[in-house]
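All remarks here apply to the structure that follows.
Residue numbers (this note's numbering): 10 to 450.
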């Protein structure tokens with residue numbers, strides 16, 4: 010603490026009369042000066058500085074508190090990472106030291122001090138204080154020295170429910186109160202033994218599970234788009250070209266537009282709320298990191314596909330051969346689309362493993378396999394429709410050829426027409442007359 014004292018030397022200080030303190034000096038200053046010599050501005054400035062120092066000293070009072078140490082990752086999950094059936098703030102005694110200091114996602118997040126006893130009328134151990142980076146480092150070192158974990162010194166005996174006594178100064182207001190930590194001790198060291206009283210905050214924060222709504226929204230959007238709409242659009246583009254009137258193109262365009270909008274919203278939610286690329290995640294190659302990397306690759310391909318379609322070279326007319334640029338474009342566009350559609354299912358499966366609540370995790374994985382079943386049903390329906398169409402077409406063609414055959418050994422009647430190509434299609438089954446800008450989706 011720093012204390013600033015302001016003295017003003019006056020003749021009265023050197024008088025023979027015994028001084029009765031600083032207040033007496035100022036009273037005698039006023040009595041020996043004329044009204045015109047008073048400097049109210051200067052006096053108020055001095056008092057303001059003194060008041061500021063006193064207020065600063067009051068706010069920077071020492072805080073000492075004993076409670077459970079909990080990482081924000083598990084708090085925002087709403088359930089313990091290694092015991093997903095247990096809610097985080099209701100079971101801090103079951104929170105493992107391994108989860109706290111070994112798991113990169115937990116160790117990377119902020120640390121909070123929870124109340125040792127549940128809040129009155131509930132079973133929740135609320136968040137009392139938030140440690141600064143220095144305090145977090147001290148807590149990690151202490152946990153590794155007294156705990157049992159992969160990175161621990163193997164000299165301790167605590168495997169779950171790590172608690173500590175922290176000493177520091179409050180640097181702000183709110184709940185939990187931010188704390189500038191000066192020392193972290195084992196919980197067996199009480200505040201009283203350190204010469205402090207246990208500083209219970211006036212407000213605590215009992216909120217948990219903030220990640221859950223974002224996880225559920227992200228998962229639902231991705232399963233709907235990449236699990237159903239987009240792969241069905243790819244299948245339609247492949248197996249529905251036998252229908253007249255460019256039906257495949259109309260369905261494909263609308264289907265992919267809706268799917269890309271939904272998955273883009275889900276992608277933005279993930280970028281806004283989740284952090285899987287923190288320092289150390291790449292080294293550990295966790296499933297969340299892999300999910301993030303492949304998710305960005307799949308999304309990049311999906312978002313580039315409409316622009317790729319705009320730049321497509323002109324399809325060859327009947328009797329023309331495909332140009333080299335057209336062949337290259339088809340390989341890139343179709344290959345990228347199939348790669349993204351197939352890889353997305355792997356990425357989505359990884360995503361379903363991150364759902365924190367076990368029952369909800371089961372629901373998402375059920376929805377994932379239902380999406381696969383629906384895509385398979387669409388594929389079977391398209392193949393069946395194509396088979397029926399080809400069978401009908403071949404029968405019709407056979408009847409037409411039979412009727413066109415000459416009777417009595419005569420040659421074919423002059424002017425007999427060859428079977429015409431299906432109307433509205435070019436040589437590459439691309440709908441005739443479709444403008445490049447129409448392929449935006």
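Glycine residues also receive a C-beta, built at the ideal position from the N, C-alpha and C atoms.
Close beta carbons around residue i, own chain, < 8 Å, minus the five adjacent residues each side
i           : result
residue 213 : 124, 128, 135, 136, 137, 184, 185
residue 50  : Confidence in residue 50 is poor, its pLDDT being 44 and thus under 50, which makes the residue's placement unreliable; the coordinate value appears in the next sentence. Once the five neighbours on either side are set aside, residue 50 has no close Cβ partner at all.
residue 361 : 228, 370, 373, 374, 377
residue 392 : 248
residue 226 : 275, 278
residue 451 : The question about residue 451 has no answer, for the chain in this structure spans 10 to 450.
residue 350 : 235, 239, 240, 243
residue 157 : 106, 107, 163, 165, 166, 167, 168
residue 365 : 86, 87, 88, 93, 218, 220, 221, 224
residue 435 : Annotation note: pLDDT 49 at residue 435 (below 50); position unreliable, coordinate value reported separately. Once the five neighbours on either side are set aside, the close Cβ partners of residue 435 are 324, 325, 326, 327, 441.
residue 307 : 235, 349, 352, 353, 356
Same chain only: Cβ atoms within 7 Å of residue i, ignoring 5 sequence neighbours per side
i           : result
residue 115 : 80, 82, 83, 90, 108, 109
residue 3   : This structure leaves residue 3 out entirely; the chain is present only between 10 and 450.
residue 203 : 73, 176
residue 383 : 237
residue 346 : 243, 314
residue 76  : 122, 123, 124, 125, 137, 172
residue 148 : 78, 120, 140, 173, 193
residue 181 : 187
Boundaries of the beta strand (DSSP E) in which residue i is found, first to last residue
i           : result
residue 80  : 71-80
residue 122 : 120-124
residue 139 : 136-140
residue 187 : 186-195
Residue burial classification, residue i (beta-carbon count within 10 angstroms, cutoff 16)
i           : result
residue 314 : buried
residue 121 : buried
residue 323 : exposed
residue 399 : exposed
residue 531 : Any property of residue 531 remains undetermined from this structure, which presents the chain solely from 10 to 450.
residue 459 : Nothing can be reported for residue 459: it is not among the residues displayed for the chain, which extend from 10 to 450.
residue 168 : exposed
residue 397 : exposed
residue 316 : exposed
residue 143 : exposed
residue 217 : buried
residue 348 : exposed
residue 390 : exposed
residue 130 : exposed
residue 209 : exposed
residue 246 : buried
residue 96  : buried
residue 301 : buried
residue 311 : buried
DSSP bridge partner residues for residue i (one or two, in chain order)
i           : result
residue 112 : Answer is none; residue 112 lacks a bridge partner.
residue 178 : 71, 189
residue 105 : 169
residue 156 : 167
residue 96  : 88
Opening and closing residue of the alpha helix (DSSP H) in which residue i lies
i           : result
residue 335 : 333-361
residue 532 : Given that the chain is displayed from residue 10 to residue 450, the structure contains no residue 532 and the question cannot be resolved.
residue 264 : 256-282
residue 315 : 296-319
residue 250 : Segment: none, residue 250 is in no alpha helix (DSSP H) and carries neither H nor E.
Same chain, Cβ closer than 6 Å to residue i, neighbours up to 5 away in sequence not counted
i           : result
residue 321 : 338
residue 380 : 232, 236, 237
residue 335 : 322
residue 297 : 285
residue 155 : 165, 167
residue 282 : 223
residue 220 : 85, 86
residue 161 : 153
residue 132 : 99
residue 341 : none
residue 126 : none
Min CB distance residue i to chain C below 9 Å
i           : result
residue 333 : No chain C appears in this structure, which consists of one protein chain only.
request  = Count the CB pairs spanning the segment 67-85 and the segment 102-116 that are closer than 8 Å, and state whether there are at least three.
outcome  = yes
query = For the 8 Å Cβ check, are there 3 or more pairs between the segment 349-361 and the segment 239-251?
reply = yes
task = Could you tell me whether the segment 193-213 touches the segment 163-176, where touching means 3 or more Cβ pairs closer than 8 Å?
result = yes
task = Inspect the CB distances between the segment 249-261 and the segment 403-410 and report whether three or more fall short of 8 Å.
result = no
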